[in-house]
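Numbering (the numbering used here), first residue to last: 5 to 395. No residue lacks a Cβ here, since even glycine has one placed at the ideal position from N, Cα and C.
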């Protein structure tokens with residue numbers, strides 16, 4: 005199924021697909037409180053909130069694509085990994101549910117997991133989402149109790165060694181992962197710095213300097229000398245200066261979380277409404293209502309009472325739709341686009357600027373005068389109509 009999905013995206017970008025399970029499969033329950041499982045209190049380490057012990061899945065919509073990843077509680081508290089099943093499902097084994105954060109700032113949410121190792125410190129595992137392959141790939145592991153994004157494309161981690169000493173790692177965010185750039189050890193128990201300040205040992209490559217002065221920092225780390233200076237002052241002043249960047253957990257995203265077995269989701273442009281269509285073993289469900297509230301209209305229909313047209317069209321136009329009948333009214337969710345020219349391989353390519361998803365409501369069979377016709381927000385809509393069973 006994975007190869008078919010990617011072929012479709014390559015040729016026509018008709019859909020953004022549901023990663024993780026076929027649309028006809030029984031899905032796991034949606035993970036509760038995905039974005040509120042753990043937090044940080046300064047540099048004192050994580051506050052461990054309750055984590056469900058039952059396997060669950062996280063489904064979300066972004067950039068016109070539906071994504072999903074299964075989460076299962078790791079039996080080993082230090083094991084964090086993502087494996088792929090033969091059907092393409094990506095399964096995260098971790099001691100805690102993940103956060104969704106755009107670590108590399110490429111516009112796609114990545115999966116990040118903190119695993120406590122000891123009293124305070126732990127590993128922060130980052131799996132980058134690659135939109136070209138639809139895979140989550142291990143991007144890097146940072147150790148510490150606090151993590152921050154700093155100006156200039158750096159990430160930092162701060163680990164507590166004692167009540168008055170910390171280790172700091174500075175990473176550059178590169179295309180193929182997190183690259184270590186500098187290590188610091190700040191010890192307030194050794195007041196060897198200027199004016200009795202805490203000792204700061206800085207390692208960059210094969211060079212080590214204790215309590216570097218501004219000129220030495222400019223030579224040692226010319227791209228961001230004040231970044232190291234700030235961390236050397238970790239224990240200076242009332243309460244210490246601490247990291248000056250943005251706490252990564254403050255960057256946790258609030259993506260559009262969608263129900264399991266979603267085959268169509270759409271936030272309607274110019275409104276605060278959304279429409280969701282799901283499919284499970286009992287049939288289809290149509291739900292329409294406020295984006296952040298209970299649905300105003302819900303239609304449950306067995307599959308033989310729902311008209312599905314996965315892919316159709318003539319000439320340059322292609323479209324697919326799902327249609328629900330409710331008394332005199334017909335509710336149709338659809339995608340459509342215009343084909344481009346034939347490529348050298350013989351396939352027609354999608355004219356991306358013409359692609360759109362819609363919700364149209366007809367009354368009394370009059371398809372020329374819809375009573376409701378709205379276009380979806382392209383960044384907050386996705387579907388897998390193309391892969392539904394035509395029968």
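Your pair residue 257 and residue 113 checks out as a contact, with CB atoms roughly 5 Å apart and the cut at 8 Å.
A direct Cα-Cα distance of roughly 12 Å separates residue 164 from residue 239. In chain order, 127 and 129 place their CB closer than 6 Å to the CB of residue 145, counting only its own chain and leaving out the 5 sequence neighbours on each side. Between the C-alpha atoms of residue 303 and residue 359 there is a straight-line separation of about 27 Å. In the DSSP assignment, residue 382 falls within the beta strand (DSSP E) that extends over 376-387. Residue pairing by DSSP puts residue 321 in a beta bridge opposite 342. Residue burial annotation: residue 121 is exposed, with fewer than 16 other C-beta atoms found within 10 angstroms of its C-beta.
For residue 316, DSSP records a beta bridge to 323.
For residue 70, the number of other beta carbons within 10 angstroms of its own is at least 16, and it is reported as buried. The alpha carbon of residue 314 has as its nearest neighbour, out of 370, 308 and 389, the alpha carbon of 389.
Within the region 198-257, the complete alpha helix (DSSP H) segments at least 4 residues long are 218-224 and 229-236, listed from N- to C-terminus. Contact check for residue 34 and residue 76: beta-carbon distance about 14 Å, past the 8 Å limit, so the pair fails to qualify. For the 8 Å CB-CB criterion, residue 94 and residue 107 do not form a contact. At a Cβ-Cβ threshold of 8 Å, residue 307 and residue 282 do not count as neighbours. Across the set 119, 91, 102 and 58, the C-alpha of 119 shows the shortest separation from the C-alpha of residue 83. Per DSSP, residue 89 is not a residue of any beta strand (DSSP E), being assigned neither H nor E.
If you compare the alpha carbons of 343, 339 and 310 with that of residue 329, the shortest gap goes to 310. Within the same chain, Cβ atoms closer than 6 Å to the Cβ of residue 289 are found at 282 and 304, the five residues on either side in sequence being excluded. Judged by DSSP in its simplified three-state form, residue 292 adopts strand.
Where residue 391 is concerned, there is no enclosing beta strand (DSSP E), because DSSP gives it neither an H nor an E. DSSP places residue 101 in the coil class of the three-state scheme, outside both helix and strand. For residue 154, DSSP records a beta bridge to 158. Straight across, the Cα-Cα distance linking residue 250 with residue 159 is about 9 Å. Taking all protein chains in view, the Cβ of residue 173 is crowded by 16 or more other Cβ atoms within 10 Å, so the residue is classified as buried.
Residue range 277-284 is occupied by the beta strand (DSSP E) that includes residue 281. The Cβ atoms of residue 233 and residue 221 sit closer than 8 Å to each other. Leaving aside the five residues that flank residue 228 on each side, the residues in its chain whose CB is nearer than 6 Å to its CB run, in chain order, 156. Straight-line spacing of the CA atoms in residue 65 and residue 211 works out to 46 Å. Contact check for residue 214 against residue 187 fails: the beta carbons are separated by 8 Å or more. In the structure shown, residue 129 falls within a strand segment according to DSSP collapsed to helix, strand and coil.
In the DSSP assignment, residue 268 forms a beta bridge with 281 and 387. Classified as buried, residue 103 has 16 or more neighbouring CB atoms from the shown chains inside 10 Å of its CB. Shown here for residue 134: same chain residues with a beta carbon closer than 7 Å to its own, the five before and five after excluded, namely 141 in chain order. The alpha-carbon separation between residue 381 and residue 273 amounts to approximately 5 Å.
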